[in-house]
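Engineer: Under my numbering, read the sequence shown as residues 1022 to 1063, first letter to last.
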Amino acid sequence: MVGLSLGEQCFIEGGIAQDLRCDGRKRLTYRPIYVETGVIPQ
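1. If you follow the alpha helix (DSSP H) that residue 1030 is part of, which residue opens it and which one closes it?
2. In angstroms with no decimal places, state the Cα-to-Cα distance between residue 1053 and residue 1037.
3. Who are the Cβ neighbours of residue 1047 in its own chain at under 7 Å, not counting the five residues just before and after it?
What follows is the structure, encoded as structure tokens:
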């Protein structure tokens, strides 16, 4: 297991406290999932 630096710990804890991810989404917000079928011929 790799340890986190103090700066990384502060960054993660700050995001949790503000309910934000590094990409701007909230912690419980997810991206839509798209599935395309029939792309590869059989």
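Ideal Cβ placement from N, Cα and C applies to all residues, glycine included.
Structural biologist: In short:
1. Within the sequence shown, residue 1030 is the residue found at index 9, counting from 1. 1027-1038 is the extent of the alpha helix (DSSP H) around residue 1030.
2. For the purposes of this step, residue 1053 is taken as the residue at position 32 of the sequence shown. For the purposes of this step, residue 1037 is taken as the residue at position 16 of the sequence shown. Rounded to whole angstroms, residue 1053 to residue 1037 spans 22 Å at the Cα level.
3. Here residue 1047 refers to the residue found at position 26 when the sequence shown is read from its first residue. Answer for residue 1047: 1040 and 1041, listed in chain order.
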